[in-house]
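Chains as they are written, first to last, in my numbering: chain A, 3 to 164; chain B, 3 to 164.
There are 2 protein chains.
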Amino acid sequence: MSQHDEMEIEAEPGPTGKHAPDELLTVGEMSRRTGVAPSALRFYEDLGLIASHRTGGNQRRYPRHMLRRVSLISVAKRLGIPLSDVQTAFENVPLDTTPSHEDWQAASRRWKRQLELRRLGIEQLERELTGCIGCGCLSMKACRLLNPDDELGEHGAGPQRL
Amino acid sequence: MSQHDEMEIEAEPGPTGKHAPDELLTVGEMSRRTGVAPSALRFYEDLGLIASHRTGGNQRRYPRHMLRRVSLISVAKRLGIPLSDVQTAFENVPLDTTPSHEDWQAASRRWKRQLELRRLGIEQLERELTGCIGCGCLSMKACRLLNPDDELGEHGAGPQRL
DNA sequence: GTAAAACCTCAAGTACCCTTGAAGTCAAAA
DNA sequence: TTTTGACTTCAAGGGTACTTGAGGTTTTAC
Numbered sequence: 003m004s005q006h007d008e009m010e011i012e013a014e015p016g017p018t019g020k021h022a023p024d025e026l027l028t029v030g031e032m033s034r035r036t037g038v039a040p041s042a043l044r045f046y047e048d049l050g051l052i053a054s055h056r057t058g059g060n061q062r063r064y065p066r067h068m069l070r071r072v073s074l075i076s077v078a079k080r081l082g083i084p085l086s087d088v089q090t091a092f093e094n095v096p097l098d099t100t101p102s103h104e105d106w107q108a109a110s111r112r113w114k115r116q117l118e119l120r121r122l123g124i125e126q127l128e129r130e131l132t133g134c135i136g137c138g139c140l141s142m143k144a145c146r147l148l149n150p151d152d153e154l155g156e157h158g159a160g161p162q163r164l
Numbered sequence: 003m004s005q006h007d008e009m010e011i012e013a014e015p016g017p018t019g020k021h022a023p024d025e026l027l028t029v030g031e032m033s034r035r036t037g038v039a040p041s042a043l044r045f046y047e048d049l050g051l052i053a054s055h056r057t058g059g060n061q062r063r064y065p066r067h068m069l070r071r072v073s074l075i076s077v078a079k080r081l082g083i084p085l086s087d088v089q090t091a092f093e094n095v096p097l098d099t100t101p102s103h104e105d106w107q108a109a110s111r112r113w114k115r116q117l118e119l120r121r122l123g124i125e126q127l128e129r130e131l132t133g134c135i136g137c138g139c140l141s142m143k144a145c146r147l148l149n150p151d152d153e154l155g156e157h158g159a160g161p162q163r164l
């Protein structure tokens with residue numbers, strides 16, 4: 003497993019118009035490209051969010067398609083979405099093979115629904131806060147912000163606590 | 003400190019059961035009204051996010067206006083906004099006196115700007131994800147999701163719609 | 001007056017999401 | 001070949017946001 007015919011790492015399709023699906027990235031390369039620390043990548047791997055092959059010397063080598071997973075994870079992190087939700091969104095995206103167009107399409111749609119829920123919660127609060135600014139909203143009972151069970155908690159049965 | 007030699011603070015609603023304007027709430031009442039656990043309230047107090055008076059027996063009594071602070075804190079929590087950001091938003095809202103209309107207006111505006119930033123980040127990601135769904139987005143360089151440094155910082159450039 | 005419920009402090013524990021450090025191994029450049 | 005940097009595992013530590021429990025006190029209700 004020490005055969006390293008590793009070519010220059012290329013993001014774009016080669017001259018034939020095809021990707022090189024066998025191209026592998028080290029943990030450091032993954033880190034540089036995604037901005038996610040190597041320790042975090044190992045942590046994600048322990049959780050099963052990502053996966054890697056190993057060289058004969060036991061070092062990680064990531065297939066290119068793992069970049070996409072890691073990037074989506076880091077986006078989730080920046081938005082405060084817990085890793086468990088990410089795991090859900092990735093449910094049917096294969097770890098061991100390069101996901102197909104359809105795999106990612108389905109995951110993207112799930113992902114987008116997550117974001118939409120979150121955005122709707124924020125928009126509602128913004129609207130209510132605008133009301134508070136306008137009216138002073140010193141009456142506790144009138145302010146939806148202060149009785150939040152009504153609105154975020156009842157947008158469907160899906161995962162709240164976004 | 004073994005007897006109730008305290009007279010300065012009235013803890014409960016008067017004998018009429020009406021809400022006096024300067025009515026004070028126990029930690030349990032605050033908890034029931036806000037849905038925030040007593041332990042969390044004590045924690046917020048340790049952080050300086052809220053404040054209380056003490057009875058002669060050293061029990062907490064919260065002025066009514068503290069309900070508003072606690073509720074806003076719990077809203078922030080549900081949206082994944084860290085307490086440090088809440089602290090910033092509360093910067094000029096007095097802890098010791100009932101905040102004025104203007105105090106809350108100013109805080110509401112700051113709060114709303116926070117929410118807006120968050121929402122813009124999410125919206126941008128939603129747009130990009132829509133692109134990914136449509137095109138498959140298998141080209142790494144074309145996908146903004148995969149080069150996230152650009153996007154959250156970019157909403158100053160003005161909104162663009164699809 | 002007494003008993004139960006609610007409160008107090010302080011320390012430790014939990015859960016998530018990692019980071020840091022120690023001690024050693026692997027891979028690629030000089 | 002040697003050296004250097006990147007990598008490995010495992011254990012412990014850190015920040016955030018609390019919860020739980022022990023042991024004791026205060027307040028309320030009867």
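Every residue, glycine too, gets a C-beta built ideally from N, C-alpha and C. Since the structure is predicted, the reported quantities are computational estimates derived from the model, not experimental observations.
Unbroken beta strand (DSSP E) run spanning residue i, endpoints
{"i": "R63(B)", "result": "R62 to P65"}
Other residues of its chain near residue i: CB distance less than 8 Å, five sequence neighbours each side excluded
{"i": "V88(B)", "result": "L51, L74, I75 and A78"}
Residue i in three-state terms, based on DSSP
{"i": "L81(A)", "result": "coil"}
{"i": "L122(B)", "result": "helix"}
{"i": "L51(B)", "result": "coil"}
{"i": "A109(A)", "result": "helix"}
Proximal residues to residue i (C-beta, below 6 Å), its chain only, five neighbours per side dropped
{"i": "L2(A)", "result": "Residue 2(A) lies beyond the residue range present for chain A, which begins at 3 and ends at 164; the question has no answer from this structure."}
{"i": "D24(B)", "result": "none"}
{"i": "V29(B)", "result": "P40, L43 and R62"}
Element boundaries [alpha helix (DSSP H), containing residue i]
{"i": "S102(A)", "result": "It is not in any alpha helix (DSSP H) - S102(A) carries neither H nor E in the DSSP assignment."}
{"i": "E25(A)", "result": "Note, E25(A): premise wrong, no alpha helix (DSSP H); not H, not E."}
Assigned exposure category for residue i - 16 Cβ within 10 Å defines buried
{"i": "H67(A)", "result": "buried"}
{"i": "Q116(A)", "result": "buried"}
{"i": "S110(B)", "result": "buried"}
{"i": "T36(A)", "result": "buried"}
{"i": "P84(B)", "result": "exposed"}
{"i": "L49(A)", "result": "exposed"}
{"i": "L43(B)", "result": "buried"}
{"i": "L119(B)", "result": "exposed"}
{"i": "E93(B)", "result": "exposed"}
{"i": "E128(B)", "result": "buried"}
{"i": "G123(A)", "result": "buried"}
Same chain, Cβ closer than 7 Å to residue i, five either side skipped, listed in chain order
{"i": "P101(B)", "result": "H67 and V95"}
{"i": "A91(A)", "result": "A109, R112, W113 and Q116"}
{"i": "S33(B)", "result": "A39, P40 and L43"}
{"i": "D2(A)", "result": "Missing from the structure shown is residue 2(A); chain A here goes from 3 to 164 and no further."}
Residues of the region 70 to 82 of chain A whose Cβ lies closer than 8 Å to any Cβ of chain B, in chain order: R70, S73, L74, S76, V77, R80, L81 and G82
Got a sec: which bits of the region 102 to 130 of chain B sit with their beta carbon under 8 Å from any beta carbon on chain A, in order along the chain? H103, W106, Q107, S110, R111, W113, K114, L117, E118, R120, R121, G123, I124, E125, L127 and E128
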